[in-house]
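The structure appears right after this line, and notes come after that.
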Amino acid sequence: MGKALLQVDSASKNFGGLTALLKVTLTIEQGSITSLIGPNGAGKSTLFNTITNLIPLDSGSIYFQEERFDHLPPHMIASKGIQRTFQLLQVFRELTVLENVALGMHAKGNTGFLGAILRFPSMRLEEAEIIQRSKGAVRFVGLEAQSNMVAGQLPYGQQKLVELARAIVSGPKLLLLDEPTNGLSPSETQGLNGILQQLRNEGVTIFLVAHDMQTVMEISDKIFVLNFGQKIAEGTPKEIAESQEVIKAYLGREYIIA
Amino acid sequence: MTHIKLVKLCLAGAAVLTILLFPHCVSARGTHLAMVGLMGAISALGLNIFFGYCGQINFGVAGFLAIGGYGVALLEKYTSIPYSISLIISIVASGLIALLASLALLRLREYMLALGTLAFGMAIYEAVAKGFTTFTHGEDGIDLSTLQVFGKPAGDTFFFYLFLIATVLCLWVSYALRNSRAGRAMLAISQNELAATSLGVNINRYIMQAFLVSSMMIAAAGGLFVKWMSWCSPEYFSMMTTVSIVLAVVVGGIGSTLGVAIGGIIMFILRELLVPLALYDMVAYGIILCLFLLFMPRGIGGGIAFINNGLRKG
Chain A
13 MGKALLQVDS ASKNFGGLTA LLKVTLTIEQ GSITSLIGPN GAGKSTLFNT ITNLIPLDSG
73 SIYFQEERFD HLPPHMIASK GIQRTFQLLQ VFRELTVLEN VALGMHAKGN TGFLGAILRF
133 PSMRLEEAEI IQRSKGAVRF VGLEAQSNMV AGQLPYGQQK LVELARAIVS GPKLLLLDEP
193 TNGLSPSETQ GLNGILQQLR NEGVTIFLVA HDMQTVMEIS DKIFVLNFGQ KIAEGTPKEI
253 AESQEVIKAY LGREYIIA
Chain B
494 MTHIKLVKLC LAGAAVLTIL LFPHCVSARG THLAMVGLMG AISALGLNIF FGYCGQINFG
554 VAGFLAIGGY GVALLEKYTS IPYSISLIIS IVASGLIALL ASLALLRLRE YMLALGTLAF
614 GMAIYEAVAK GFTTFTHGED GIDLSTLQVF GKPAGDTFFF YLFLIATVLC LWVSYALRNS
674 RAGRAMLAIS QNELAATSLG VNINRYIMQA FLVSSMMIAA AGGLFVKWMS WCSPEYFSMM
734 TTVSIVLAVV VGGIGSTLGV AIGGIIMFIL RELLVPLALY DMVAYGIILC LFLLFMPRGI
794 GGGIAFINNG LRKG
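Chains as they are written, first to last, in our numbering: chain A, 13 to 270; chain B, 494 to 807.
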């Protein structure tokens with residue numbers, strides 16, 4: 013721990029007259045679980061979307077493993093080892109669970125049209141590996157029994173797990189999770205927390221947006237707080253829970269760590 | 494489980510045997526209809542790669558059929574290249590034209606793409622029917638010689654097997670693509686571009702490649718068809734042909750490979766059978782489409798999947 017994996021350097025973004033991000037600077041350390049909290053509209057999802065280049069920055073820069081990448085097209089981000097989930101679930105509803113997860117391996121493969129049609133031996137090897145790893149990821153999130161079901165027919169909580177499995181199957185260096193516990197039952201949330209901690213133990217760096225303060229306080233190594241597009245605090249869960257500014261802007265009362 | 498497999502195997506075997514013996518047992522009219530159906534299957538499978546897998550609309554299908562057909566016809570008329578080679582040249586040429594057209598067309602999406610491809614198809618039609626008539630003889634069309642195979646003129650039976658092989662090849666390409674990294678990427682694009690992009694799918698590249706493969710398959714259908722007919726005329730490549738092929742994909746079940754092939758066969762045979770209705774065939778088409786959208790919105794492919802699931806569950 014201690015080495016910077018992702019650095020956001022005074023990132024700013026305006027939508028018309030609305031300031032979504034204002035000179036946000038933050039560092040994600042390798043191997044950590046970092047949370048991003050703040051009121052609705054604070055710019056949390058915008059920050060995620062700028063990190064994955066779905067929204068271009070107005071100014072500022074983003075470095076991943078000390079390499080600047082905010083000029084890359086969005087489809088190049090995955091091949092750098094960054095995977096994400098979305099605030100509003102984005103599964104491929106008509107594909108099976110296994111196919112959804114196999115798409116998480118896309119950036120790791122090479123087989124194109126010609127390879128698929130002519131069935132080169134390299135293509136078959138690659139396909140076998142994709143399927144094998146996808147099955148592993150499906151098992152990891154506990155959806156083995158549903159792996160051949162169409163994703164759109166699953167209950168919401170399981171679809172969130174499909175999205176998570178798709179994000180982790182390629183063994184990313186950085187995992188961006190936008191509200192992973194949103195809409196989950198307490199027991200599902202517990203299961204998810206376990207999965208996240210297990211991933212961290214395997215060396216995956218996790219950066220998540222969350223509203224569920226219990227989860228945030230329980231699993232985070234570090235927390236950043238955004239308000240009106242600006243970073244107003246950073247620190248350990250304990251420091252954040254005691255910060256008067258955070259309490260004023262977001263928590264509303266002193267948060268007691270259970 | 495094994496019981497079902499045995500039943501399936503028997504059914505498949507019976508189907509293959511029937512198809513192989515088909516031209517020997519059925520009247521000339523029957524064989525003719527079957528071949529028109531196979532031509533529909535090839536075209537529909539071609540369109541399915543772009544429309545079904547990638548989710549992008551193409552209303553210029555007949556344009557690519559015409560490129561295949563006129564490629565073969567013009568090469569025969571003005572050069573001495575043998576048919577087998579001119580067919581391949583036409584297919585490749587169709588791919589190249591698709592690539593060029595895609596530079597403009599594939600900047601468009603949805604309704605605009607529909608209009609753009611429609612314009613492309615119309616442009617090709619007008620070009621062969623009214624534009625370059627010195628080469629194409631306009632509405633009169635180009636007469637083609639009968640294909641000679643080992644010194645003997647090839648009849649319907651030969652062409653039937655040729656069409657059959659082409660259909661099987663297209664089916665195979667479709668299945669191979671469907672169950673590959675590239676196929677999954679295409680399906681991902683059709684369902685959720687945002688998620689596909691962030692997983693690393695280069696959307697423009699995949700759509701372009703799908704357009705290319707799709708246009709080559711459709712051109713193959715055109716190149717085979719005109720040689721069998723011994724005549725290449727603009728009337729084969731009108732807007733109605735595009736409508737039949739798009740309908741075939743919808744009726745077959747968008748994205749379902751086997752369903753689309755069956756849809757192509759049905760729609761093209763129907764089209765041939767409805768010829769005596771003259772202009773009223775459009776009404777019949779409309780009714781068929783409405784019935785499918787009402788009672789089988791997922792098309793024939795959806796029906797096959799339904800029966801399959803039923804079998805699996807016992």
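Just so you know, even glycine gets a beta-carbon here, dropped at the ideal spot from N, CA and C.
I'd like the list of long-range same chain contacts for B:Cys-547, defined as Cβ closer than 6 Å, with 5 residues on each side in sequence excluded. Met-679, Ile-682, Ser-683, Ile-700, Ala-703
With a CB to CB cut of under 6 Å and the five nearest residues on each side skipped, what residues in its chain are close to A:Ser-71? Ser-24
Who are the near neighbours of A:Ala-270 in its chain, counting only those whose CB is closer than 6 Å to its CB and skipping five residues on each side? At A:Ala-270 the pLDDT is 48, less than 50, meaning the model places this residue with poor confidence; the figure from the coordinates comes in the next sentence. Around A:Ala-270: no qualifying Cβ.
Give me the chain A residues within the contact set of B:Ser-673, using Cβ-Cβ distance strictly less than 8 Å, ordered along the chain. Thr-123, Gly-127, Ala-128, Met-135, Glu-139
Rounded C-beta distance between B:Ile-758 and B:Ala-534? I'm assuming under 8 Å. 5 Å
Between A:Gly-116 and chain B, is any beta-carbon pair separated by less than 8 Å? yes
If we call anything under 8 Å between Cβ atoms a contact, is A:Leu-176 one with A:Val-153? yes
Contact the segment 724-732 of chain B vs the segment 515-525 of chain B: 3+ CB pairs below 8 Å: no
Would you say B:Arg-698 and A:Ile-142 are within 8 Å of each other, going by their C-beta atoms? no
Near-chain A residues of the segment 679-692 of chain B (beta-carbon distance less than 7 Å), N- to C-terminal order: Leu-680, Ala-681, Gln-684, Asn-685, Leu-687, Ala-688, Thr-690, Ser-691, Leu-692
If you measure from the beta carbon of B:Val-694 to each beta carbon in chain A, is any gap under 8 Å? yes
Taking only three categories from DSSP, how would you classify B:Leu-796? Before going further, note that residue 796 of chain B is Gly rather than Leu in the sequence given. Here B:Gly-796 sits in helix by DSSP.
Residues in the same chain with beta-carbon distance under 7 Å from B:Gly-609, minus the five sequence neighbours each way, listed in chain order, please. Leu-598, Leu-601
Just curious, the alpha helix (DSSP H) that B:Leu-568 is in, first and last residue? 554-571
Name the two residues that bound the continuous beta strand (DSSP E) containing A:Val-36. 30-41
How about B:Leu-692 and A:His-223: are their beta carbons less than 8 Å apart? no
Measuring only the C-alpha atoms, how far is A:Leu-187 from A:Leu-155? 20 Å
Burial state of A:Pro-184, where buried means 16 or more other Cβ atoms lie within 10 Å: buried
B:Ala-669 versus chain A: which residues are under 8 Å apart at the beta carbon? Ala-128, Ile-129, Arg-131
Any beta carbon from chain B within less than 8 Å of A:Ile-89's own beta carbon? yes
If distances are taken between C-alpha atoms only, which option among A:Ile-74, A:Ala-149, A:Leu-238, A:Leu-66 comes closest to A:Val-109? A:Ala-149
Anyone know if the C-beta pair for A:Val-181 and A:Gly-116 falls short of 8 Å? yes
If the cut is a Cβ gap below 7 Å, which residues of chain B does A:Pro-184 touch? Here the premise fails: no neighbours, minimum Cβ distance about 11 Å.
For A:Val-237, which residues in the same chain have their Cβ closer than 6 Å to its Cβ, ignoring the five residues on either side in sequence? Ile-49, Gly-50, Ile-244, Ala-245, Val-258
Limits of the unbroken alpha helix (DSSP H) element including B:Ser-583: 576-598
Provide the residue span of the alpha helix (DSSP H) that contains B:Asp-829, from first to last. Any question about residue 829 of chain B goes unanswered here, given that chain B covers just 494 to 807.
Per-residue burial, B:Leu-705 [other beta carbons within 10 Å of its own, 16 or more giving buried]: buried
When the distance is taken between beta carbons, is B:Ala-669 closer than 8 Å to A:Ile-129? yes
Can you tell me where the alpha helix (DSSP H) holding A:Lys-250 begins and where it ends? 249-254
With H, G and I counted as helix, E and B as strand and the rest as coil, what does DSSP make of A:Met-13? Below a pLDDT of 50, predicted positions are generally treated as unreliable, and A:Met-13, at 48, falls in that range; no measurement from the model is reported.
What span of residues does the beta strand (DSSP E) with A:Leu-208 cover, start to end? Careful: A:Leu-208 lies outside any beta strand (DSSP E), inside the alpha helix (DSSP H) at 198-213.
Nearest chain B C-beta to A:Ala-119 closer than 8 Å, yes or no? yes
What residues from chain A crowd round B:Gln-702, counting only those whose CB sits closer than 8 Å? Gly-124, Phe-125
Between the segment 57-71 of chain A and chain D, which residues of the former have CB atoms less than 8 Å from a CB of the latter, in chain order? Protein chains in the displayed structure are A and B, and chain D is not among them.
Secondary structure of A:Leu-110, DSSP reduced to three states: helix
Contacting positions in the segment 141-163 of chain A - beta carbon closer than 8 Å to chain B: Ile-142
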